[in-house]
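Novice: Can you read through this structure? Questions will come right after.
Residue numbers (my numbering): 31 to 163.
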């Protein structure tokens, strides 16, 4: 059970692709730490991901606004929902502790969300940005 970025998830915009790759790397480390019950690694990774997700989403949203992306509102709503859901899940992990069950729950949720979001709306954004030059 591995969570990793693959070239099929490229949006064609180097900065966004690099950020996505970092999200996958850190999420994978978090899942490994949860499986191992390594609480000393879990908390810093949860904090990093919470902060990095905000930074990444804000960068994407700036790009969308600057380019006049017509699906901005829906895309931002998806980002907002992810942030809320991640905060809730991170809180549950902090309360229940690092465990294989927490790893499985987080793995399933984050890998599904990232893959669907990137393969859908982020790739649509990438095509739009590339077409605008």
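Positions of the beta carbon are idealized from the N, C-alpha and C atoms, including for glycine. If you're wondering where the values come from, they're calculated on a predicted model, not measured in any experiment.
1) Are residue 112 and residue 83 touching if we call contact CB-CB under 9 angstroms?
2) Are the beta-carbon atoms belonging to residue 64 and residue 128 less than 9 angstroms from one another?
3) Secondary structure at residue 36, three-state DSSP: helix, strand or coil?
4) Counting beta carbon pairs with one atom in the segment 38-47 and one in the segment 55-62, are three or more of them shorter than 8 angstroms?
5) How about residue 159 and residue 43: are their beta carbons less than 9 angstroms apart?
6) DSSP three-state label for residue 68, please.
7) Which term fits residue 103, buried or exposed, when burial requires 16 or more other beta carbons within 10 angstroms of its beta carbon?
8) Applying the 10 Å Cβ sphere with the 16-neighbour rule, what's the burial state of residue 48?
9) Quick one: complete beta strand (DSSP E) runs, 3+ long, within the segment 120-145?
10) Who are the near neighbours of residue 68 in its chain, counting only those whose CB is closer than 7 angstroms to its CB and skipping five residues on each side?
11) Look at residue 108 and residue 147 and say whether their C-beta atoms are less than 9 angstroms apart.
Specialist: Working from what's here:
1) yes
2) yes
3) coil
4) Three or more beta-carbon pairs separated by less than 8 angstroms are not found between the segment 55-62 and the segment 38-47, which leaves the two stretches without contact.
5) yes
6) coil
7) exposed
8) exposed
9) none
10) So the qualifying residues of the chain are 128.
11) yes
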